[in-house]
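Down below is the structure, laid out as structure tokens.
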Amino acid sequence: MSGNPNGSGYLNEEDPVEVLIRRTGCWEQHIAVVDCMGEKRDWRQCQVQEYKVLLGEFKHNRTHSVAVLDSLIRCALKTLSCPADDLLRYLHEYKQSILDYGDQLQYLTVAKEIYAYISCEDAPQKFVEVVCLLCATTGLPEHWLAFGERNLPNMGKNFHIGYVTRAIMLLERQIKGAHGFVVRAMEKKLKNCIDRLAEMECSDELIREARLKMGVDLISIEENVALCDDFRRPAHDCRLKSGLHMNGEDLKTLLMTFQEKFVWMFEGCSL
């Protein structure tokens, strides 16, 4: 790079990428990562190091702490070399910073990724519990399909067909209320789910049973019968909109209620 940093023609002669980085106010962090790259040869490890410094050496309000912890954990997972103890420690700090349902949903999402990655003895059980809570609180098709993100050999015969069938039914409902390119995107997801179900070689009778058991709380959009608010709300609507997050006992109750509702899916499961 040529030119005097203090000269008037500096910005004209400097690399345009460097100009953009300087304008963000992150030049020193950029240089630190470049220096780290020379040592570690992996920019993701360098990012993890920068986030550790940011978390440990600067004072943050709660919102900033949550954002830094979230970024630190996601970066650490990408390195594929972060010790499980470190990830669990970061997750514990994250949990202590939760104040509202938005924080809690984000925490559950991060916890799901950690328990899908680590190999400690209770990780499979923790993973299933976290995904159950995601499905119980918001229940998007993506949350149900998350059950397949970790190898779970000790699950019952209904487990995989159960969560895939539930995702299919949710997507079918969403497509009815969608428009334009959103419909096409959902139809693609739906086809992928149907293909996964076909690979399981389930009988028509088993598929009908799965739809009956996994759609126990799904009411046809066309039905206008008098129902309680909990059944009228969209299937993916958040159950934590009371403002504050749920405490440990509330989450245990929610988990137990969820597993009782979908007991067919969890028959024969052993974790």
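Quick note: to get my numbering, add 980 to the position in the sequence shown (first position is 1).
Using N, Cα and C, we set each Cβ at its ideal position, and we do this for glycine too.
Decide if residue i is buried, meaning its Cβ has at least 16 other Cβ atoms within 10 Å, or exposed.
i, result
"Ile1011", "exposed"
"Cys1006", "exposed"
"Asp1210", "At Asp1210, the pLDDT of 45 sits below 50, so the modelled position is not reliable; the number obtained from the coordinates is stated separately. Exposed."
"Arg1213", "Unreliable positioning characterises Arg1213 in this predicted model, as indicated by a pLDDT of 46, which lies under 50. The coordinate reading is nonetheless provided below. It is exposed - the Cβ of Arg1213 has fewer than 16 other Cβ atoms within 10 Å."
"Glu998", "exposed"
"Cys929", "This structure cannot settle anything about residue 929, because the visible part of the chain is limited to 981 through 1251."
"Leu1000", "exposed"
"Gln1154", "buried"
"Asp1050", "buried"
"Thr1117", "buried"
"Val1048", "buried"
Verify whether the separation of the beta carbon atoms of residue i and residue j is less than 8 angstroms.
i, j, result
"Gln1025", "Thr1059", "yes"
"Leu1235", "Glu1109", "yes"
"Lys1092", "Leu1125", "no"
"Asn1134", "Trp1244", "no"
"Cys1173", "Ile1141", "no"
"Thr1274", "Leu1177", "With the chain represented from 981 up to 1251, any question about residue 1274 goes unanswered, as that position is not in the structure."
Provide the residue span of the alpha helix (DSSP H) that contains residue i, from first to last.
i, result
"Arg1164", "Phe1161 to Glu1179"
"Met1226", "Segment: none, Met1226 is in no alpha helix (DSSP H) and carries neither H nor E."
"Cys1112", "Ala1103 to Thr1117"
"Pro996", "Pro996 to Thr1004"
Between the Cα of residue i and those of the options, spot the shortest distance and give me the residue it belongs to.
i, options, result
"Tyr1143", "Gly1157, Met1166, Gly1119 and Ala1158", "Gly1119"
"Cys1249", "Gly1228, Ser1183, Phe1127 and Cys1173", "Phe1127"
"Leu1150", "Leu1186, Val1196, Glu1109 and Ala1178", "Val1196"
"Tyr1081", "Asp1230, Glu1189, Leu1186 and Gly1136", "Asp1230"
"Phe1238", "Ile1098, Cys1112, Leu1132 and Leu1198", "Cys1112"
"Leu1079", "Arg1003, Val1046, Phe1242 and Met1166", "Val1046"
Would you grab the beta carbon distance between residue i and residue j for me? Rounded to a whole angstrom, and I think it's under 8 angstroms.
i, j, result
"Ile1053", "Leu1071", "7 angstroms"
"Phe1242", "Met1166", "Not a contact, Cβ separation roughly 23 angstroms."
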